[in-house]
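First up is the structure itself, then whatever we jot down about it.
Protein chains: 2
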Amino acid sequence: MRENKSERIRIKDIALKAGVSVGTVDRVIHGRSGVSESSKKKVEEILKQMNYQPNMYASALASNKKYNFSCLLPLHTQEDYWMDIEAGMRHAVGMYKDFNIRLNISYYDQYESGSFAKEGKKMIATMPDGVIMAPSSEDETMSTVLQLKEKNIPFVFIDSNIRSLNPLSFYGQSSHSSGYFAARILSLMAEHNEPVVIFRLIYDGRLGSNQQRNREEGFREYIQNNCPDIKLYELNFYVKNPENNDKIMEDFFLAHPEVNCGITFNSKAYIIGEYMQKINRKGFKMMGYDLLRRNVKCLKEGTVDFIIAQQPTEQGQSCIECLFEHLILKKEIKAYNYMPITLISKENIDFYLDAHLRTNNI
Amino acid sequence: MRENKSERIRIKDIALKAGVSVGTVDRVIHGRSGVSESSKKKVEEILKQMNYQPNMYASALASNKKYNFSCLLPLHTQEDYWMDIEAGMRHAVGMYKDFNIRLNISYYDQYESGSFAKEGKKMIATMPDGVIMAPSSEDETMSTVLQLKEKNIPFVFIDSNIRSLNPLSFYGQSSHSSGYFAARILSLMAEHNEPVVIFRLIYDGRLGSNQQRNREEGFREYIQNNCPDIKLYELNFYVKNPENNDKIMEDFFLAHPEVNCGITFNSKAYIIGEYMQKINRKGFKMMGYDLLRRNVKCLKEGTVDFIIAQQPTEQGQSCIECLFEHLILKKEIKAYNYMPITLISKENIDFYLDAHLRTNNI
DNA sequence: TGTACCTTTGTGTGCGCACACGGATGATTT
DNA sequence: AAATCATCCGTGTGCGCACACAAAGGTACA
């Protein structure tokens, strides 16, 4: 026989106190029909009075339900920011394995109009219980969101947000603010208000991502407000013609030998870092985004000075947790979750990789 | 009747496959006696072959055990770094409430020799299942650790580490590295290698904490290696005589009007920030540690430029998680967990407070 | 007044696991 | 050969909850 009972409040206790069967209490808790008004009142009273908190683990165990989460991300290469997001999601799913959660990731081509909607439709056809998406443009994303809302499937946005589409939650960085912060740091590096070059990545004649544009806006805003004397150059690379990158830089620096400070708002700071390494130019001050392996290498070798990270692993993890808490634990969800803007240099990088590893290995 | 069974591997399956009773499987899993060698072999075989992962939530539910965690921290005021650590621990305990975990926090006086050992003894007398401690000096901590080891009670160190005492795990920041990193940032602020003043907090004739000393060492190491021309002044405040602080600064800046840049390795950067505010001196460049409310205020008002944070909330949370995973989930534990060294300024502070809030509210 | 149908209520079983208990088996003693 | 003891093994019950099903009560209509 068991003694030493837990002092948890159980359904049984409530039933006893209210003078009804456990079935009735159960029905009230789950808002199911089949309960008279009077019983309902009684039970709700006791429920509140005893501040009943169900044991969600026992609940999940008993319900024996399975959950399918779906995720829609941009197509990406192995070595990428998005990989870390996926790793974070997979890690979280692993943590919740006893709740029968499955994750299905599919991809869309962010440069092909219609791709998002097409993949979105396919995804919805599988009737997932919850959805995570990195939204495309508002127009592209709209139709998928409408279908989700119609079917009452909760969805969270990751990386970038479209407020008007009203997701359950959003996890990502404020690009504008991160550009603003980057400017503060860069302005410290740019002594005597020396000029700065902005390296950009162009796809089909326009900036490759919204993030890139928003960060640059934030950056320019800070410069405008605080050190308008800094002259800003722009240098464009073309996604489709990476073989020209070196020539582009060579020409630029020939024409502007006085420029000794640069920043890029995409994740490819290593293009510049590796070039400097190659031509053996020291002391060019450089900032960029995201802890890609090649960026980290440049950081450690000193060809990139600072990287701003946006915690992709945490983002992925948090999105899964969000759906989990909403669907299984039925908690309140915070709608906007901006990730911290973290500055990383040679001197503190190890402790980020450490946290990274920790997240991925346990 | 239930259909749609989970495809989890259950004890029953193992028993079926191995041709033994569930009781036997159970005994093998828990390493209990009462199993013949042959049965044990059989079960272990099947166990491995099927890669059995027990459902820890069901397990916790069935075992119905209670866990008492104890925590020993330095005495502190309400408005402090340690408060955030406590908040993090409380939050984590709340998350695990369905596992019957209780947390008991007690305090020692870090300035009174013998206090740690005394409080440690009291704590151990309550026979906790796991312990979290912010260690005092090695000598002071030793006796408590020996008792814990004897009783086989796992303990984790928080904030600072003593490797030789071999804790289950450590969560905290590398003070040396964080000083080193601080130097990199400060050297960017100190134009033309201008001089820098180090503000210190003295207690009974020596530095108030190990953290303070280690950070300063790291700081000096960077300066030595990278910009030895920067002249470093020191300015001491006395914990017991805070009323003299203003006079001390006044005298110093009168004697050294050229000093326009400072740093402190304790959490009281606001002493300087608020002084600058008071005498209405603008443009003094200042760095410090920890997101105390008064520091945040200085940051936002511009009297402190940068703060290095050490994620106290996460530290507290992680310590509880660590004990939880060790005792209940029986996972492998990573021994050293250095927290990221994060740089915070007016421009990115909001996103840290946000994360902070998130952690504390959900 | 009986039948059909809907609403309300109670009970029993199972989720995956832990653990107490009692029965079976074999070895050792008197 | 009976009694004692240790080791091994199977079963039953419960953790807190969800849900199917059956039973009971109520309302409406012929």
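Sequence lines, in order, name chains A and B. This note's numbering puts the first residue of the first sequence at 392, with every later residue one more than the last. This note's numbering puts the first residue of the second sequence at 392, with every later residue one more than the last. Quick reminder that beta carbons are idealized off the backbone N, C-alpha and C, glycines included.
Within the 8 Å Cβ cut-off, does residue i reach chain A?
i, result
"S565(B)", "yes"
"M441(B)", "no"
"S568(B)", "yes"
"N739(B)", "yes"
"L452(B)", "yes"
"S736(B)", "yes"
"Y680(B)", "no"
"I571(B)", "Rather than Ile, the amino acid found at residue 571(B) in this sequence is Tyr. Chain A contact via Cβ: present."
"S560(B)", "no"
If we cut at 8 Å on Cβ distances, does residue i have a partner in chain B?
i, result
"P731(A)", "yes"
"Y666(A)", "no"
"A449(A)", "yes"
"L718(A)", "no"
"Y743(A)", "yes"
"N543(A)", "no"
"N446(A)", "yes"
"L438(A)", "no"
"G414(A)", "no"
Check whether the Cβ atoms of residue i and residue j lie closer than 8 Å to each other.
i, j, result
"S497(A)", "M474(A)", "no"
"A483(B)", "Q708(B)", "yes"
"P372(A)", "G479(A)", "Missing from the structure shown is residue 372(A); chain A here goes from 392 to 753 and no further."
"S430(B)", "V411(B)", "yes"
"L466(B)", "Y499(B)", "yes"
"D696(A)", "M667(A)", "no"
"L463(A)", "G511(A)", "yes"
"L718(A)", "G521(A)", "yes"
"E625(B)", "F656(B)", "no"
"K403(A)", "I437(A)", "no"
"N728(A)", "F548(A)", "no"
"V419(B)", "A406(B)", "no"
According to DSSP, is residue i helix, strand or coil?
i, result
"L592(A)", "strand"
"F548(A)", "strand"
"Y472(B)", "helix"
"R672(B)", "coil"
"R399(B)", "coil"
"C618(A)", "coil"
"N636(B)", "helix"
"R611(B)", "helix"
"S560(A)", "strand"
"V434(B)", "helix"
"V650(A)", "coil"
"N543(B)", "coil"
"S429(A)", "helix"
"P465(B)", "strand"
"S454(B)", "helix"
"A726(A)", "coil"
"H522(B)", "Per the sequence shown, the amino acid found at residue 522(B) is Val instead of His. In this structure, V522(B) counts as strand in the three-state DSSP scheme."
"V587(B)", "strand"
"S497(A)", "strand"
"N686(A)", "helix"
"E625(B)", "strand"
"N601(A)", "helix"
"Y571(A)", "helix"
Roughly how far, in whole angstroms, is the beta-carbon of residue i from the beta-carbon of residue j, given that I think they are within contact range, below 8 Å?
i, j, result
"E531(A)", "F507(A)", "4 Å"
"P526(A)", "I553(A)", "5 Å"
"I699(A)", "A573(A)", "6 Å"
"A660(B)", "N635(B)", "Contact doesn't hold; Cβ gap of about 18 Å is too wide."
"G609(A)", "H567(A)", "4 Å"
"R597(B)", "N627(B)", "Incorrect: roughly 11 Å between the Cβ atoms, too far for contact."
"E705(B)", "M730(B)", "7 Å"
"G679(A)", "I654(A)", "7 Å"
"S658(B)", "L683(B)", "6 Å"
"I732(A)", "Q564(A)", "6 Å"
"M441(B)", "I400(B)", "5 Å"
"N459(A)", "P519(A)", "5 Å"
> Which residues, in chain order, does the segment 573–586 of chain B contribute to contact with chain A at a C-beta distance below 7 Å?
Replying inline: R575, L579, M580, E582
> Relative to chain B, which residues along the segment 488–504 of chain A have a C-beta separation below 7 Å, given in chain order?
Replying inline: D489, N491
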